[in-house]
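Visitor: So that we are looking at the same thing, I have put the structure below in structure tokens.
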Amino acid sequence: MSFRPRLRHVAVGLLLCVSLASQAQQHFNGAKALEYARQFATIGPRWPTGPGHVKAEEFLRNQFKHDQLEEDTFTVNTPIGPVAMRNFIVRFAGKKPGAIVLATHYETNYPLRNINFVGANDGASTTGLLMAIADQLRGKALDGYSVWLVFFDGEEAIQTWSASDSTYGSRHLAAKWGRDGTLSQIKAFMLADMIGDKDLDIQRETRSTDWLVELVRQAAHKFGYDKYFFQTEEAVDDDHLAFVQRGVASIDVIDLDYGPNNSYHHTAQDPMDKISARSLTIDGDVFMETMRLIDLR
Numbered sequence: 135m136s137f138r139p140r141l142r143h144v145a146v147g148l149l150l151c152v153s154l155a156s157q158a159q160q161h162f163n164g165a166k167a168l169e170y171a172r173q174f175a176t177i178g179p180r181w182p183t184g185p186g187h188v189k190a191e192e193f194l195r196n197q198f199k200h201d202q203l204e205e206d207t208f209t210v211n212t213p214i215g216p217v218a219m220r221n222f223i224v225r226f227a228g229k230k231p232g233a234i235v236l237a238t239h240y241e242t243n244y245p246l247r248n249i250n251f252v253g254a255n256d257g258a259s260t261t262g263l264l265m266a267i268a269d270q271l272r273g274k275a276l277d278g279y280s281v282w283l284v285f286f287d288g289e290e291a292i293q294t295w296s297a298s299d300s301t302y303g304s305r306h307l308a309a310k311w312g313r314d315g316t317l318s319q320i321k322a323f324m325l326a327d328m329i330g331d332k333d334l335d336i337q338r339e340t341r342s343t344d345w346l347v348e349l350v351r352q353a354a355h356k357f358g359y360d361k362y363f364f365q366t367e368e369a370v371d372d373d374h375l376a377f378v379q380r381g382v383a384s385i386d387v388i389d390l391d392y393g394p395n396n397s398y399h400h401t402a403q404d405p406m407d408k409i410s411a412r413s414l415t416i417d418g419d420v421f422m423e424t425m426r427l428i429d430l431r
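No gaps in the numbering here: position 279 of the sequence shown is 413 in our numbering, and each next residue is one more.
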């Protein structure tokens, strides 16, 4: 009889260990996202019409070759003439009618602006984030909405940023989905941009949809990440605007404060040593939790 209480204590201890281990496993795998980003950034500059862009397309194609992958090819008029571009759309089916879209852009600046820009944070980090999110979704029966991952081409300007020389891929896809009725299926659109930064400071983008901003805020609070989100606010021109303008609930999750006075943005000072697995873990935790909250809404 003297052994029974001790065994009970051991059993309780084991259950506690299992519970703690389960809680630890709930965090997103930011290290995997960082590794995907590293592999992608190794390609180097990925501007449309350049050799790195072809390699980037092939990387995405290989990454999602066993998933429901759509390649959305189109040609746009740019300051240098017609340019062929390609969006990638990966769909994971859910049980509820409708879809949550998670998006990023994958290309880098055209070489007229900075030929050495490899875009570890600005493009590769969020491409890696969405790849790691795909790992979380792949092979699972999603009880909520379907999840569509979109990798936009042509977010960067060819010459000088303007309403007509930027966001080519998102403007094309939003218009296409508006014409064929796909936009009506989208319950929420979440854009990730430049959020691999070691010094994470995600602004509240002022044209984003209020209720979606609030869900992201709630998701961040759940994990104790409040200080990384929405301490400042500003309007940002980005890939979400084409969807906002068409009435889709949208948010731009962006850290447009990269280096002192944003001095790393669109420069050669955007290699892999400026981004971290910690930031990508925070991002992933918040994106996954926000999707859960959207499903419950």
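Glycine residues also receive a C-beta, built at the ideal position from the N, C-alpha and C atoms.
The model shown is predicted, which means the values in this text are computed figures rather than measured ones.
Exposed or buried, what is residue 200 when buried is set at 16 or more other beta-carbons lying within 10 Å of its beta-carbon?
Guide: exposed
Visitor: Taking three-plus beta-carbon pairs below 8 Å as touching, is the stretch 162–171 in contact with the stretch 416–425?
Guide: yes
Visitor: Whole angstroms is fine: what's the gap from residue 302's alpha carbon to residue 288's?
Guide: C-alpha of residue 302 to C-alpha of residue 288: approximately 5 Å in a straight line.
Visitor: State the Cα-Cα distance for the pair residue 159 and residue 348, rounded to the nearest angstrom.
Guide: Only weak support exists for where residue 159 lies, its pLDDT of 49 falling under 50; the coordinates are left without a value.
Visitor: On a CA-only basis, which of 211, 184, 198, 185 is nearest residue 170? Give me that one, please.
Guide: 198
Visitor: Mapping the DSSP letters down to three states, classify residue 279 as helix, strand or coil.
Guide: strand
Visitor: First and last residue of the alpha helix (DSSP H) that includes residue 169?
Guide: 164–175
Visitor: Can you tell me whether DSSP reads residue 255 as helix, strand or coil?
Guide: helix
Visitor: Output the residue ranges of the alpha helix (DSSP H) runs that lie fully inside the stretch 318–377 and measure 4 residues or longer, sorted by chain position.
Guide: 344–356
Visitor: Nearest to residue 385 by CA position, among 306, 220, 236, 270, is which residue?
Guide: 236
Visitor: Can you tell me which of the three DSSP states residue 288 falls into?
Guide: coil
Visitor: What do you reckon, is the C-beta of residue 354 under 7 Å from a heavy atom of the ligand SAM?
Guide: Absent from the structure shown: the ligand SAM. Ligands present: none.
Visitor: To the nearest angstrom, report how far apart residue 298 and residue 377 are at their CA atoms.
Guide: 16 Å
Visitor: Bridge partners for residue 233 per DSSP, in chain order?
Guide: DSSP lists 280, 320 as partners of residue 233.
Visitor: Quick one: any contact between the stretch 306–319 and the stretch 268–278, if contact means 3 or more CB pairs under 8 Å?
Guide: no
Visitor: Taking buried to mean at least 16 other C-beta atoms within 10 Å of its own C-beta, is residue 339 buried or exposed?
Guide: buried
Visitor: Output the boundary residues of the beta strand (DSSP E) element that contains residue 219.
Guide: 215–226 is the extent of the beta strand (DSSP E) around residue 219.
Visitor: Excluding sequence positions up to five away, which residues of its chain have a Cβ less than 6 Å from the Cβ of residue 157?
Guide: For residue 157, the predicted structure reports a pLDDT of 38, less than 50, and the residue's modelled location is therefore unreliable. The matter cannot be settled from this model.
Visitor: Could you give the residue range of the alpha helix (DSSP H) that holds residue 307?
Guide: 302–314
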